[in-house]
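K.L.:
Residue numbers (the numbering used here): 82 to 327.
Just so it is clear, CB atoms sit at the ideal spot from N, CA and C, and this is done for glycine as well.
The structure that follows is given in the form of structure tokens.
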Amino acid sequence: TITTADWLKLGVSEKTAITIDKYRLKGGKFRRAEDILRIYGLSENDKKRLLPFVRIIGNDQRSAHASKSNSKWQNIGRFEDSIQSLNNFTSSNSDRFANNNDAPHFTTPKFKKKIPQVIDINSADTSDWSKLPGIGPVLSQRIIKYRDRLGGFYSVLQVAEVYGLPDSVFNKIRPYLTKVAGVRKINVNEVTPDILEQHPYMKRHQARAIVDYRVQHGIFKELEDLKQVVSITPELFDRIYHYLGL
82 TITTADWLKL
92 GVSEKTAITI
102 DKYRLKGGKF
112 RRAEDILRIY
122 GLSENDKKRL
132 LPFVRIIGND
142 QRSAHASKSN
152 SKWQNIGRFE
162 DSIQSLNNFT
172 SSNSDRFANN
182 NDAPHFTTPK
192 FKKKIPQVID
202 INSADTSDWS
212 KLPGIGPVLS
222 QRIIKYRDRL
232 GGFYSVLQVA
242 EVYGLPDSVF
252 NKIRPYLTKV
262 AGVRKINVNE
272 VTPDILEQHP
282 YMKRHQARAI
292 VDYRVQHGIF
302 KELEDLKQVV
312 SITPELFDRI
322 YHYLGL
């Protein structure tokens, strides 16, 4: 309970008094009287002058110690209010002090790990993505840019296709991904080659082959007709048909 002002009244410099108070407020502990010798900035004269009057006492000794302590502090010419503060400090903290040679140490508070919330891969913004483990501002922007180019994700697994996204990071965030919103469809009976080739799954010659087939054979009556286009492999069809409509 001793304050910075009390240390000043005991003749300790202001800088050292502030250092001691900060140390105590951060959880620092004095385990034995000699530990004050470790205080940074405390002069040798102050150490010699104060050490004989520092005691770490148990609960059963507090009351008997108080009157004795008072006379000792008064002998070094300090104020009454400071004397009481010093006695309160040593008494209230004595049950936390251990009789060993360990130096005072700081304790670090424990924080609960925050569990990320599940996000919709087709509606989440950069802020939502950035809250996932391993996803910073660069990757979150890259994910959204790729999603916009695709027209949306039809599967959570497509997120793994984003350039620069490590497999290890994708595996960490996968449990927090879901798909609610749908994808944007491209009308294959109206689209031009220039628009179609902008899709990440399409190459220029494939986009032109689809439009050329439509011009030669008429409009597509069902998406399965795209399999008749030479450039459209079964693997490509399985990926692209999610984004095509009539």
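I believe Gln279 touches Ser312 by the beta-carbon criterion, under 8 Å. Please report the beta-carbon distance rounded to the nearest angstrom.
P.N.:
Not a contact, Cβ separation roughly 17 Å.
K.L.:
What is the DSSP secondary structure of Leu106, counted as helix, strand or coil?
P.N.:
Helix at Leu106.
K.L.:
For the candidate residues Ile99, Arg105, Gly108, Val93, whose alpha-carbon lies nearest to that of Ser124?
P.N.:
Here the closest residue by C-alpha is Val93.
K.L.:
Could you check whether Val264 and Gly347 sit closer than 7 Å to each other, using their CB atoms as the reference points?
P.N.:
No statement about residue 347 is possible, as the shown extent of the chain runs from 82 to 327 and does not include it.
K.L.:
Using 8 Å as the cut-off, can you tell me whether the region 296 to 309 makes contact with the region 238 to 256, which would need three or more C-beta pairs spanning the two stretches below that distance?
P.N.:
Result no; under three Cβ-Cβ pairs closer than 8 Å.
K.L.:
Quick one: measure Cβ to Cβ for Ile267 and Leu317, integer angstroms, because I've assumed they're closer than 8 Å.
P.N.:
Their Cβ separation, rounded to whole angstroms, is 14 Å, which puts Ile267 and Leu317 out of contact at 8 Å.
K.L.:
By Cβ distance, which residues of its chain are closer than 8 Å to Pro197, with the 5 residues on each side in sequence left out?
P.N.:
Within the same chain, Pro197 has close Cβ partners Lys212, Leu213, Pro214, Ile254, Tyr257.
K.L.:
Short of 6 Å in beta carbon distance, which residues of its chain neighbour Val199, apart from the five on each side in sequence? Order them along the chain.
P.N.:
Tyr257, Thr259, listed in sequence order.
K.L.:
Can you list, in chain order, the residues of its chain with a C-beta nearer than 8 Å to that of Pro315? Leave out the 5 residues immediately preceding and following it.
P.N.:
So the list reads Lys308, once near-sequence residues are dropped.
K.L.:
For Ser221, which option in Ile202, Ile101, Leu231 has the closest C-alpha, if you only look at C-alpha atoms?
P.N.:
Comparing Cα-Cα distances from Ser221 to each of Ile202, Ile101, Leu231, the minimum goes to Ile202.
K.L.:
Does DSSP put Asn268 in a helix, a strand or coil?
P.N.:
Strand.
K.L.:
Taking its Cβ as the centre, do 16 or more other Cβ atoms sit within 10 Å of Ile120, making it buried, or is it exposed?
P.N.:
Buried: at least 16 other Cβ atoms inside 10 Å.
K.L.:
Check for me: the alpha helix (DSSP H) holding Ser208 runs from which residue to which?
P.N.:
Run containing Ser208: 207 to 211, per the alpha helix (DSSP H) assignment.
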